[in-house]
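Please read the structure below before turning to the comments.
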Amino acid sequence: MLKGRHVISLADFTKDELLLILDTADALKLKVKYGEPHRYLEGKTLGMIFERPSTRTRVSFEVGMTQLGGHAQFLASESLQLARGEPIKDTARVLSRYVDGIMYRGGFEPLLELVKYSSVPVISAAAKGSGTNHPCQVLADFQTIREKKLRFEGLRVALCWVSGDPSIDYKKPPTLVYDYIFACSKLGMELVLACPEGYDPFSPEVIGRAKRQTESNGAPFRVVRDLHEAVVGADVIHCKNWVPVNFPDDQKPAHFLYPEKYKRWIIDGQVVSRGKRDVIVMNALPAYRGYELTDEVMEGPHSVVFDEAENRLHAQKAVMALVMR
Ligand code: CP
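Sequential numbering from 20 applies to the sequence shown in this note's numbering.
Pasting the structure below:
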């Protein structure tokens with residue numbers, strides 16, 4: 020059903036396709052647990068191009084390919100001819116002659132070029148730019164949500180912007196927000212997006228379009244400016260720091276310049292207590308502890324962040340097994 024498909028945004032997948040990936044991820048997780056062989060990609064190779072650092076993505080894709088009987092080749096962009104200017108469209112056509120799938124972490128525009136010229140499936144592993152996305156992270160998140168809540172329909176998800184450490188000059192892009200909007204809508208979940216004025220992850224026009232689409236699916240979506248309001252009655256709190264989309268690299272975002280003003284944008288015990296009694300707290304990691312969420316919350320009973328990180332492995336194995344087989 021998904022053989023040969025590119026995996027760029029969850030907006031491109033139907034509800035049935037999303038459920039197929041998640042069901043496959045659950046089945047593969049059980050196979051690992053019970054030591055059952057599942058070498059579905061014997062003899063196949065995944066090329067992994069990284070233009071930015073990674074812990075979870077790199078290791079989980081590589082381990083995943085090993086468990087599926089194949090091989091993953093790590094290709095740091097600075098070690099490729101890309102670094103001296105070879106066009107990505109040439110890289111795409113050359114790699115397509117060697118490998119069976121390409122995983123890419125880099126810019127959104129180069130990702131589109133890669134997709135255009137690749138004859139093997141391309142899997143986005145977080146793209147930065149106008150079409151920012153992180154579909155594999157969101158699939159892992161949704162696998163985790165269903166494991167904990169046993170359903171999707173009717174759940175309330177609060178996706179919250181949270182402050183980053185202003186002493187670390189690293190600007191996180193709003194990857195995963197767009198995938199959350201579309202996956203929540205397709206799976207019948209309410210989404211509350213909380214962020215301060217000026218931190219909307221997309222233009223008002225895109226947010227408006229997303230609202231109309233989600234509402235027509237019967238899944239409410241709203242943007243609120245108060246973190247404490249956003250989490251009331253939540254089943255899931257996902258926290259993430261980001262700078263506005265397409266934020267200039269040479270400028271400092273407001274939360275770096277005026278950290279006091281953004282101090283309340285942190286997931287602490289008080290925020291968690293406003294969710295449902297069994298609310299789960301998620302973060303894609305790496306987290307700025309003490310700025311995105313407190314140590315107490317990250318290590319506390321509501322946190323599922325390490326289950327979420329583990330599910331990167333199972334969700335990506337499902338994606339690879341379905342599109343590269
Ligand atoms: N969440 C995530 O993508 O982690 P890495 O940057 O470590 O891959």
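Beta carbons: idealized from backbone N, C-alpha and C, even for Gly.
So, using beta-carbon positions, are H321 and V290 closer together than 8 Å?
no
So, with DSSP's three-state summary, where would you put S322?
strand
For my contact list, L131 and G89 are in at a C-beta cut-off of 8 Å; report their separation, rounded to the angstrom.
Not confirmed; about 26 Å, so no contact.
Could you check if Q335 belongs to the surroundings of the ligand CP, using beta carbon to heavy atom distance under 7 Å?
no
Which residue spans inside the segment 37-82 form an unbroken beta strand (DSSP E) run of at least 3?
64-69
For E216, the first and last residue of its enclosing alpha helix (DSSP H):
For E216, no alpha helix (DSSP H) segment is defined, and its DSSP state is neither H nor E.
How do the segment 203-213 and the segment 170-185 stand: do at least 3 beta-carbon pairs fall below 8 Å, yes or no?
yes
Give every residue whose Cβ lies closer than 5 Å to any heavy atom of the ligand MN, listed in chain order.
Absence of the ligand MN from the depicted structure is noted, with the ligand CP being the only ligands included.
With a threshold of 16 other CB atoms inside 10 Å of the CB of A102, please say whether the residue is buried or exposed.
exposed
Give me the Cα-Cα distance between L114 and P278, rounded to the nearest whole angstrom.
45 Å
So, for E216: in the same chain, excluding its five sequence neighbours on each side, which residues have a beta-carbon less than 8 Å away from its beta-carbon?
R244
On the premise that K295 lies in contact with G252, defined as a C-beta separation below 8 Å, what is that separation, rounded to the nearest angstrom?
Indeed, because the Cβ distance is near 6 Å, the residues count as touching under 8 Å.
Where do the ends of the alpha helix (DSSP H) carrying L101 lie?
Per DSSP, L101 belongs to no alpha helix (DSSP H) and is neither H nor E.
Since M20 is in the alpha helix (DSSP H), which residue starts that stretch and which ends it?
First-last for M20: undefined, no H or E at that position.
I187, buried or exposed, once every other Cβ within 10 Å from all chains shown has been counted against 16
exposed
Does the Cβ of L276 have 16 or more other Cβ atoms within 10 Å, making it buried, or fewer, making it exposed?
exposed
Whole-angstrom distance between L29 and K48, CA atom to CA atom:
21 Å
Are H333 and Q162 closer than 8 Å when you measure CB to CB?
yes
Straight-line Cα distance separating E315 from T151:
31 Å
Distance, K230 Cα to E224 Cα:
10 Å
Can you tell me where the alpha helix (DSSP H) holding S143 begins and where it ends?
From DSSP, S143 is part of no alpha helix (DSSP H) but of the beta strand (DSSP E) over V141 to K147.
Would you tell me roughly how many angstroms separate the C-alpha atoms of R58 and K108, rounded to the nearest one?
So the alpha carbons of these two residues sit roughly 31 Å apart.
Step through the CB atoms of chain B and report whether any lies within less than 8 Å of the CB of A202.
Checking the listed chains, one finds no chain B in this structure; it contains a single protein chain.
Quick check on H15: does DSSP put it in helix, strand or coil?
Look at the range of the chain in this structure, 20 to 344, and you will see that residue 15 is not part of it.
Quick one: which unbroken beta strand (DSSP E) runs of 3-plus residues sit fully inside the segment 214-291? Chain order, please.
240-243 and 255-259
Please determine, among S79, R24, G54 and D184, the residue with the shortest C-alpha to C-alpha distance to A328.
S79
Which stretch, first to last residue, makes up the beta strand (DSSP E) that contains V300?
I299 to M301
Measure from the alpha carbon of E81 to the alpha carbon of each residue in L87, A91 and R75, then state which is nearest.
A91
Pick from R293, F69, E166 and R241: whose alpha carbon is nearest that of V196?
R241
So what does DSSP say about F201, is it helix, strand or coil?
helix
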